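Numbering (the UniProt record's numbering), first residue to last: 1 to 352.
We put the CB at the ideal spot given by N, CA and C, even for glycine.
Remember, it's a predicted structure, so these values are computed and weren't measured experimentally.
Working notes, beginning with the structure itself.
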């Protein structure tokens, strides 16, 4: 039972700030029932929003779920609290390889625990894309659909969505150009900006959450999005029996791995309750239930026997070793480069 881990009396409240569409239906309810702790659960849809709340301070949140490279900035800014590992016995369930990757961002894994992981990629509505391309064959590399005007101008007719997040779009554009995903060179971003301007007329939507339903119902046929979100759209289309065949493409050239992490803000009002939550999530059956609902891989080796067989065997969820090796691990970039990223993206989005 998680209840035995609380060392100090706190009010029975836990305030969580997580990504939208990123939890199972019964996760919060089961935790509340077991612990008697009342959960207030709010959602965001990009790292920029979460980071601004943490920088402002006094957010009131006890658990936040930043993507790893943003968490690195928050660690450096003393915005996060060190974990008390004595309260987290379920750390033993985590994959040492995932822990090692996170340690490049969070040395000794002192602040972060992986919630789920995936990658940034391209999703398609198979039949609509084939129709839009006409006689053109599908490109060998998925990124061509969004970054090569020859293809992007064709699929514009059935709707093209991009994540509304500078820190996701720019690494993808850089890698398409053969540059490092998290380049520290401003000139690389100038090149990426030129590429993005060439395809801007073909982007019909900027969305970091609504695009899931837009893909599921056929309003969008191509999305630069997150792997799990696109698989959620696929499942929603199957459940609706609406004829939309959604597919996650695994790019033949590098894509960015995404590690979303549980962390405790430095000024969290209920840190003991936060540790109870993190330890609860690391139970094998709980971590598996998240993957079963939202189609993102989890870091919990003990969970695999509870993951649905069709998901455990889905190579767009749990990537093959060869595909994993091709992906770029997260890195943080300095403040001056973050400003360049924001400016480049804003220029792209506004088309100016």
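### Query
For residue 119, which beta-bridge partners are listed by DSSP?
Looking up residue 119 in the chain shown gives position 119. Answer by DSSP bridge pairing, in chain order: 257.
### Message
Between which two residues does the beta strand (DSSP E) holding residue 15 run?
### Response
Taking the chain shown and counting its residues from 1, one reaches residue 15 at position 15. Run containing residue 15: 13-19, per the beta strand (DSSP E) assignment.
### Task
Using three-state DSSP, classify residue 63 as helix, strand or coil.
Position 63 of the chain shown holds residue 63. Reduced to three states, the DSSP call for residue 63 is strand.
### Query
When you compare only the Cα positions, how much space is there between residue 241 and residue 308?
If you number the chain shown from 1, residue 241 lands on position 241. If you number the chain shown from 1, residue 308 lands on position 308. Each residue's Cα considered, the two are about 21 Å apart.
#### Entry: Cβ contact (3+ pairs, closer than 8 Å) linking the segment 229-246 and the segment 40-55
The answer is no - the segment 40-55 does not touch the segment 229-246, with fewer than three Cβ pairs under 8 Å.
### Query
What does a CB cutoff of less than 6 Å around residue 297 pick up in its chain, not counting 5 residues either side in sequence?
Reading the chain shown from its first residue, position 297 is the one you call residue 297. Within the same chain, residue 297 has close Cβ partners 117, 317 and 318.
### Message
Any contact between the segment 179-198 and the segment 275-290? By contact I mean 3 or more CB pairs, one from each, below 8 Å.
### Response
Touching, no.
### Query
Who are the Cβ neighbours of residue 208 in its own chain at under 6 Å, not counting the five residues just before and after it?
To locate residue 208, count along the chain shown from 1; it is residue 208. Cβ neighbours of residue 208 within its own chain (closer than 6 Å, five residues either side excluded): 45, 46, 163, 164 and 165.
### Query
How about residue 293 and residue 24: do their beta carbons lie closer than 9 Å?
Looking up residue 293 in the chain shown gives position 293. Looking up residue 24 in the chain shown gives position 24. Less than 9 Å divides the Cβ of residue 293 from the Cβ of residue 24.
### Query
What do you get for residue 334, buried or exposed, if any count of 16 or more other CB atoms within 10 angstroms of its CB means buried?
To locate residue 334, count along the chain shown from 1; it is residue 334. Residue environment analysis places residue 334 among the exposed positions, since fewer than 16 neighbouring C-beta atoms fall within 10 angstroms of its C-beta.
### Task
Tell me residue 247's beta-bridge partners as DSSP assigns them.
Counted from its first residue, the chain shown places residue 247 at position 247. In the DSSP output, where bridge partners are listed per residue, residue 247 has 124.
### Message
Closest to residue 341 by C-alpha separation, out of 326, 217, 182 and 261, would be which residue?
### Response
Translated into the one-based positions of the chain shown, residue 341 becomes position 341. Taking only the C-alpha atoms, the option nearest residue 341 is 182.
### Task
Could you name the residues of the same chain whose beta carbon sits closer than 6 Å to that of residue 344, not counting the 5 residues immediately before and after it, in chain order?
On the chain shown, position 344 is the one that residue 344 refers to. For residue 344, same chain residues with a beta-carbon under 6 Å away, outside a window of 5 residues either side, are 189 and 193 in chain order.
### Query
Ordered along the chain, which non-local residues of its own chain (more than five positions away) have a Cβ less than 7 Å from that of residue 32?
Here residue 32 refers to the residue found at position 32 when the chain shown is read from its first residue. Cβ neighbours of residue 32 beyond the five flanking positions: 38 and 39.
### Message
Can you confirm whether the segment 93-110 touches the segment 118-138 when touching is taken to mean that 3 or more C-beta pairs between the two stretches lie within less than 8 Å?
### Response
They do not touch, by the three-pair rule.
### N- and C-terminal bounds of the alpha helix (DSSP H) containing residue 234
Mapped onto the chain shown, residue 234 falls at position 234. 227-240 is the span of the alpha helix (DSSP H), which, as asked, contains residue 234.
### Query
Should residue 225 be labelled buried (16 or more other beta-carbon atoms within 10 Å of its own) or exposed?
If you number the chain shown from 1, residue 225 lands on position 225. Buried: at least 16 other Cβ atoms inside 10 Å.
### Task
Spell out the partners DSSP gives residue 265 in its beta bridges.
Indexing the chain shown from 1 puts residue 265 at position 265. 80.
### Task
For residue 54, count neighbouring Cβ atoms within 10 angstroms of its own Cβ and tell me buried if that reaches 16, exposed if not.
The sequence position of residue 54 within the chain shown is 54, counting from 1. With at least 16 other beta carbons inside 10 angstroms of its own, residue 54 counts as buried.
### Task
Give the secondary structure of residue 200 by DSSP, where H, G and I count as helix, E and B as strand, and everything else as coil.
Indexing the chain shown from 1 puts residue 200 at position 200. DSSP, reduced to helix, strand and coil, places residue 200 within a helical segment of the structure shown.
### Task
For the alpha helix (DSSP H) containing residue 150, list its first residue and its last residue.
Translated into the one-based positions of the chain shown, residue 150 becomes position 150. Looking at the DSSP string, the run of the alpha helix (DSSP H) that includes residue 150 is 149-155.
### Query
Is residue 289 helix, strand or coil by DSSP?
Here residue 289 refers to the residue found at position 289 when the chain shown is read from its first residue. In this structure, residue 289 counts as helix in the three-state DSSP scheme.
### Query
Does DSSP classify residue 295 as helix, strand or coil?
Position 295 of the chain shown holds residue 295. DSSP places residue 295 in the coil class of the three-state scheme, outside both helix and strand.
### Query
Rounded to whole angstroms, how far is the Cβ of residue 199 from the Cβ of residue 146, which I believe are closer than 8 Å?
Working through the chain shown from its first residue, we reach residue 199 at position 199. Working through the chain shown from its first residue, we reach residue 146 at position 146. At roughly 7 Å, the Cβ-Cβ gap stays under 8 Å, so residue 199 and residue 146 are in contact.
### Where residue 333 sits in the DSSP three-state scheme
As a working mapping, residue 333 is identified with position 333 in the chain shown. Shown here, residue 333 sits in coil according to DSSP, grouped into three states, outside any helix or strand.
### Message
Output needed for residue 171: all residues of its chain with C-beta closer than 8 Å, excluding positions within five of it in sequence on either side, in chain order.
### Response
Within the chain shown, residue 171 is the residue found at index 171, counting from 1. These residues qualify, in order along the chain: 120, 181, 182, 256 and 328.
#### Entry: Contacting residues, own chain, Cβ-Cβ under 8 Å from residue 300 (five flanking each side not counted)
Mapped onto the chain shown, residue 300 falls at position 300. Within the same chain, and ignoring the five residues on either side of residue 300 in sequence, the residues whose Cβ sits closer than 8 Å to its Cβ are 93, 94, 95, 282, 284, 287 and 288.
### Task
Determine the closest residue to residue 157 out of 142, 138, 141 and 201, with distance taken between C-alpha atoms.
Mapped onto the chain shown, residue 157 falls at position 157. With distances taken between CA atoms, residue 157 lies nearest to 201 out of 142, 138, 141 and 201.
### Query
Alpha carbon to alpha carbon, what distance is there between residue 139 and residue 312?
If you number the chain shown from 1, residue 312 lands on position 312. If you number the chain shown from 1, residue 139 lands on position 139. Rounded to the nearest whole angstrom, the C-alpha separation of residue 312 and residue 139 is 28 Å.
#### Entry: Sheet register partners of residue 41 (DSSP bridge)
Against the chain shown, residue 41 aligns to sequence position 41. Residue 41 is bridged to 16.
### Task
Specify the secondary structure class of residue 318 as computed by DSSP and reduced to three states.
As a working mapping, residue 318 is identified with position 318 in the chain shown. Looking at residue 318 - three-state DSSP - the assignment turns out to be coil, as it is neither helix nor strand.
### Query
Looking at C-alpha atoms only, which residue of 173, 72, 36 and 178 is the closest neighbour of residue 273?
Numbered from its first residue, the chain shown carries residue 273 at position 273. The residue among 173, 72, 36 and 178 with its C-alpha nearest the C-alpha of residue 273 is 36.
### Message
Just list the residues that DSSP pairs residue 222 with in beta bridges.
### Response
For the purposes of this step, residue 222 is identified with residue 222 of the chain shown, where counting begins at 1. DSSP lists 124 and 160 as the bridge partner or partners of residue 222.
### Message
With distance defined between alpha-carbon atoms, name the residue in 102, 59, 247 and 16 nearest to residue 65.
### Response
Working through the chain shown from its first residue, we reach residue 65 at position 65. Looking at the Cα atoms, 16 is the closest of the given residues.
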